[in-house]
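J.: Everything in the sequence shown is counted per the working numbering, starting at 7 for the first residue and increasing by one.
One structure, pasted below without further comment.
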Amino acid sequence: MNDRPNALKGQAPLVLVLILLLAGCGSGPGPGRTAGPSIIPAPSRLEARAGSFTIGTSTRIVVPEGRTELQATASYLCEMLARATGYDLPVETVAGSEAPPSGAIFLRTEDLEARLGPEGYILEADSDGIGIRAAAPAGAFYAVQTLRQLLPPAVDGRGPWTVPAVSIEDRPRFPWRGGHLDCSRHFFPKEFVLRWIDILAFHKLNTFHWHLTDDQGWRVEIKKYPRLTEVGAWRVDREDKHWNAREPQRPGETATYGGFYTQDDIREVVAYAASRHITVVPEIEMPGHAMAALAAYPELSCTGGPFTVKPGGYWPITDVFCPGREATFEFLEDVLREVVALFPGPYVHIGADEVDKAEWVKCKACQARIRAEGLKDEKELQSYFVRRIEKVLEAMGKRLIGWDEILEGGLAPQATVMSWRGTEGGIEAAKAGHDVVMTPTSHCYFDYYQGDPAHEPLAIGGYLPLSKAYAFEPVPDVLTEAEASRVLGGQANIWTEYIASGDHAEYMALPRLAALAEAVWSPKDRRDWTDFTVRLRRLLAHYGAAGFRFARSAFLVAIKAEAQPEPGRISFVLETEIPGLEIRYTTDGTDPGPASRRYRKPIRLKKTAEVRAAAFEGRERLSPAVSAERFAVHAASGRAPVLAHPPGERYLGGGDMALTDGLFGSRSHVDGRWQGFEGVDLEAVIDLGANRPVRRMAVKFLQNINAWIFPPAGVEFAVSKDGGTFEVVAEVANDVSPRLAEAVIREFSASFDVREARFVRVRARNIGAVPGWHDGAGGRAWLFADEIVVE
């Protein structure tokens, strides 16, 4: 799962420190925030009042007589308080006409839907008790989640259990507030799925998108097709290998890694979710991402197989369901009939993303279908497939939802689009009058790195820090008011190629899930990043008390080069994603402590140094790890190269001086240090400011073939006195195999007889096209370069 096995270990003591430090935070005003209790997501309206109510052994939980729909929430509250306080509070009923009893927590539903909607609530606390009013049971349940945050975190199980006096009126901004979990790439036990539902409920999310089938595993029991779980749920165990370097199953080899949910398991999960007002949306992938199903029933493909369940990442996968065969639709209708019987919610997700149509082009049955239906091409064949499945689901009383590729070739009439490749698909669908759920990779894919990869468990790539998750806005500005009404909301996605355990999934989700929850619940004008980070610190204490595993990546210190230092000098800045933290640092390679120098402004370096930094509160370190960077000060430091070809927009490496800022890139191509050049050479000329002796030049390159990043074919170093005529002083060929699966850094360097030169030039030859043996054969290869060193 992870090439940093200690990345999630040893967290408990640090979590305890955080709980102790943060449990009292958020009780009063501070920089960038309003006074009052700390609640995430931020309520629509919160008024802090004088006084408080203390929950004790004599406190009762009361619901009106005959309101059985509130009994479940009252029992949930009773269990929650018992775990935290040890008090076994009774749940009582009173006549509907009676006033709320003194000293009680009173829950009731009223005719408030016009004011609060079906999920809103009013919570009022004073010295006499706590009153919760809602239009429907869901609102009362969300009020209980707010009450949970008003109480002190359960650090050691002792009281007093005091709730501040408040008046809160709250309702969600969007009806779809989702959390997705991929249980195909790795099977997660039912017990963790139930825990995941509790995590969603804690954040007032109401939709669980359950990814149940893919190329690497089929996880739902289908009684009519037992081979789906007998064969499709299992793959060979290659868990000791990188996801993209796993050998396929060999003949005679037994598949032992996997699992599936029985139909009784699924009923239990669905009922548990319903008790927390969460709708479960199953995803059954079609027509692509179907290798697990085709391994069990190869006759449903275009080629007929045989196939095995994929043990890791392979791309492209051209074997998909064959829409030319009528048997395919009979099979899928049978499967969906059993799925629909298990999931009472209105939606079934069919995936329909990343469908490679290569076999459809060659398949006689598919081509016959295209002709018979009067279709133009394979894109319209996919549209035909989706439309036909939509009719099947409509006949079963369900609505179809799929990833934004369902727009290709024409959209099914009543389909809902889940926009993941940016927001463009969602915009197109909303303008066409279709409902949309926004979940762009840029803000909602929580399998991406959330901090410096050097301090994080191995991830699929990308970079999505907490602040970016918080910046998620589901409604694009380009939509009219009517079009914007089609945006149902948004959701967080946890894809699990690189996430094999529940602990790891929680770590990737939290606290980013809190940021997304505020984006889909709170009014847009109530959202404020600085205020959120202050409230977050108390929320983390609640996480720790609840036993949730969470990341503290936002407390890491980032060590960056100053944007425009003086030529020939290196300056660095220290910052944390959470604003206002106390940062301590050293420049001699030793770990900082609470007595180390405090960072206040950019620091200039005159010589090579190793900078280490961490955030502190008093004598306790808040950062989960000490950040360390080696700054190389050399003749080209702080001098911006002139490039023959600009780097790609996504890989600027921090700006014009990325190649001479003194910082070295890591093995992660998303660490913000590398400049990436797609399909073109690197040619950089640096003006040293005056003639000076040059005896050595070097430059580093990253190789990560999983991201199409290849080493240069060779590197040429040259010098010049006038910037016009250059003397080539060395040529260095690549000696690293381009087939290495793991990411590696290769330094190309040359020492030579001293030359007097004002200008130096580095040329690195991009291999051009991705080699034929690679999954991306023929595409443009990337060249990733960092620090050019001149001595």
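Beta carbons: idealized from backbone N, C-alpha and C, even for Gly.
(1) Which partner residues does H217 have in the DSSP bridge list?
(2) DSSP three-state label for H675, please.
(3) Taking the beta carbon of P312 as the centre, do at least 16 other beta carbons fall within 10 Å, making it buried, or is it exposed?
(4) For A298, which option in E175, Y263 and A280 has the closest C-alpha, if you only look at C-alpha atoms?
(5) If we call anything under 8 Å between Cβ atoms a contact, is S228 one with M292?
(6) Hey, would you say G55 sits closer than 8 Å to S173, going by beta carbons?
(7) Please list the segments of the alpha helix (DSSP H) lying wholly inside the segment 273-333, counting only runs of 4 or more residues, in order along the chain.
(8) Could you give the DSSP three-state label for K368: helix, strand or coil?
(9) On a CA-only basis, which of G624, G774, L399 and K566 is nearest I715? Give me that one, please.
(10) By a C-beta neighbour count over all protein chains shown, 10 Å radius and 16 as the cutoff for buried, is N740 buried or exposed?
(11) Near F622, what residues of its chain come up, given a Cβ to Cβ distance below 6 Å and the 5 sequence neighbours on each side ignored?
(12) Using only CA atoms, which one of Q456, L342 and F337 lies nearest to I500?
(13) Would you mind reading off the limits of the alpha helix (DSSP H) that contains F391?
(14) Rank A664, G660 and V632 by C-alpha distance to the C-alpha of P647 and give the top, closest one.
(15) Given a threshold of 16 other Cβ atoms within 10 Å of its Cβ, counted over all protein chains shown, does N697 qualify as buried or as exposed?
(16) Rounded to the nearest angstrom, what separates V766 and S577 at their Cα positions?
(17) So, using beta-carbon positions, are R201 and G660 closer together than 8 Å?
(18) Between the Cα of L708 and the Cα atoms of I751, V742, V721 and T666, which residue gives the shortest distance?
(19) Excluding five sequence neighbours on each side, which residues of the same chain lie with their C-beta closer than 7 Å to the C-beta of F813?
(20) Report buried or exposed for T445, applying the criterion of at least 16 other Cβ atoms within 10 angstroms of its Cβ.
(21) Three-state secondary structure (DSSP) at W409?
(22) Roughly how many angstroms lie between the CA atoms of P653 and F335, to the nearest whole one?
(23) How many Å lie between E568 and A48 at the Cα?
(24) Just tell me which of V100, W182, Y469 and G695 has its CA closest to the CA of R492.
(25) Could you check whether the segment 353-369 touches the segment 405-412, counting it as contact only if at least three pairs of C-beta atoms, one from each stretch, sit closer than 8 Å?
(26) Using 8 Å as the threshold, is the C-beta distance between L218 and P288 below it?
(27) Beta-carbon within less than 8 Å of P459's beta-carbon, same chain only, minus the 5 sequence neighbours each way: which residues are those?
(28) Check for me: the alpha helix (DSSP H) holding L206 runs from which residue to which?
(29) Going residue by residue through the segment 450-526, where are the continuous beta strand (DSSP E) segments of at least 3 residues, counting only ones entirely within it?
(30) Mind checking F758: buried by the 16 CB within 10 Å criterion, or exposed?
(31) If you draw a straight line from the C-alpha of R377 to the C-alpha of V367, how long is it?
(32) Between G34 and P166, what straight-line distance do the alpha-carbon atoms span, to the nearest angstrom?
(33) The beta strand (DSSP E) that contains F59, what's its start and end?
(34) Measure the Cβ-Cβ separation of A477 and G496 and say whether it is below 8 Å.
(35) Short of 6 Å in beta carbon distance, which residues of its chain neighbour P178, apart from the five on each side in sequence? Order them along the chain.
(36) In three-state terms, what does DSSP make of M663?
T.: Checking against the coordinates, here is how it stands:
(1) According to DSSP, residue pairing for H217 in a beta bridge involves D188 and E289.
(2) Coil.
(3) P312 comes out exposed.
(4) Here the closest residue by C-alpha is Y263.
(5) It should be noted that the sequence gives Ile, not Ser, for residue 228. For the pair I228 and M292, the CB atoms are not nearer than the 8 Å cut-off.
(6) Note that residue 55 is Arg in the sequence shown here, rather than Gly. Yes; because the gap between Cβ atoms is below 8 Å, this pair is in contact.
(7) Uninterrupted alpha helix (DSSP H) stretches at least 4 residues long and entirely within the segment 273-333 occur at 297-302, given in chain order.
(8) For K368, the three-state secondary structure derived from DSSP is helix.
(9) The residue among G624, G774, L399 and K566 with its C-alpha nearest the C-alpha of I715 is G774.
(10) That one is buried.
(11) The answer, listed in chain order, is E588, R590 and P600.
(12) Among Q456, L342 and F337, the Cα nearest to that of I500 belongs to Q456.
(13) In this chain, the alpha helix (DSSP H) harbouring F391 covers E384 to A401.
(14) For the options A664, G660 and V632, the alpha carbon positioned closest to that of P647 is the one of A664.
(15) Burial state of N697 is exposed, judged by a 10 Å Cβ sphere holding fewer than 16 other Cβ atoms.
(16) S577 has its alpha-carbon roughly 22 Å from the corresponding atom of V766.
(17) Against a cut-off of 8 Å, the Cβ pair of G660 and R201 comes out as no contact.
(18) Nearest neighbour of L708 by Cα position, chosen from I751, V742, V721 and T666, turns out to be I751.
(19) Outside the displayed range of the chain (7 to 797) lies residue 813, so it cannot be described from this structure.
(20) With a 10 Å radius around the Cβ and a threshold of 16 neighbouring Cβ atoms, T445 comes out buried.
(21) Secondary structure of W409 (DSSP, three-state): strand.
(22) Roughly 47 Å separates the two Cα atoms.
(23) If I take the Cα positions, the gap works out to 35 Å.
(24) Closest in alpha carbon position to R492, among V100, W182, Y469 and G695, is W182.
(25) Taking 8 Å as the limit for Cβ pairs, the verdict is that the segment 405-412 does touch the segment 353-369.
(26) Taking 8 Å as the cut-off, the beta carbon of L218 is found closer than this to the beta carbon of P288.
(27) Result list for P459: A465, S672, R673, S674, V676 and D677, in chain order.
(28) Per DSSP, L206 belongs to the alpha helix (DSSP H) from K196 to F208.
(29) Runs found: 493-500.
(30) Exposed is the call here.
(31) Taking the straight line joining both Cα atoms gives about 12 Å.
(32) Confidence at G34 is low in this model, with a pLDDT of 38, below 50, so its placement is unreliable and the value that follows should be read with caution. For the pair G34 and P166, the Cα-to-Cα distance works out to about 18 Å.
(33) It spans R51 to I61 - the beta strand (DSSP E) in which F59 sits, taken as one unbroken run.
(34) For A477 and G496, no; Cβs fall outside 8 Å.
(35) Once the five neighbours on either side are set aside, the close Cβ partners of P178 are E125 and W527.
(36) Three-state DSSP puts M663 in coil, outside helix and strand.
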